[in-house]
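With the first letter of the sequence shown counted as 1, position 53 gets the number 53 in the UniProt record's numbering; the numbers rise by one all the way through.
Contents: one structure, followed by commentary.
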Amino acid sequence: MTREGRALPDGWTVDRLRAHSGDTRAVALCPDRLVYVEDGSGGDPEPLHPSYVLAFGELCLVDHDGEWYMGSLRDDGSVACWASYGSDLAEAIRSL
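So, in structure tokens, the structure goes:
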């Protein structure tokens, strides 16, 4: 759990998240928010139902069914994702 009471994936702490990403602002956010994937085709975005939302400034990693999606935190608190970065959180963080 983070100091804010938001859950982190097993084996992860806020300190580990920050050290691995190099971002001292990295935090876990409440996953109870609008999260979706935009595929760039102009069609309707696909909603995601995240277990975890990790914020690194304005970039986010969102866990949906074991896949980490990269996205951008919007002003309204929603997250617009563009692609899956795989099932390994450490690898997804390296893509930030």
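Virtual Cβ for every residue (Gly too), placed ideally from N, Cα, C.
All of these numbers come straight from a predicted model, not from anything done at the bench.
What would DSSP say about glutamate 46, mapped onto helix, strand or coil?
strand
I need the straight-line Cα distance from arginine 74 to leucine 54, nearest angstrom please.
14 Å
May I ask which residues mark the beginning and end of the alpha helix (DSSP H) holding residue 97?
With the chain covering 1 to 96 only, the question about residue 97 has no answer from this structure.
I'd like the span of the beta strand (DSSP E) that includes serine 95, first residue to last.
Careful: serine 95 lies outside any beta strand (DSSP E) and carries neither H nor E.
Note down the Cα distance separating valine 37 from glutamate 46, rounded to an integer number of angstroms.
5 Å
With distances taken Cα to Cα, identify the nearest neighbour of tyrosine 69 among Asp76, Gly77, Gly57 and Ser95.
Ser95
Does DSSP put glutamate 58 in a helix, in a strand, or in coil?
coil
Apart from the five residues on each side of it in sequence, which residues of its chain come closer than 6 Å, Cβ to Cβ, to valine 27?
Ala55
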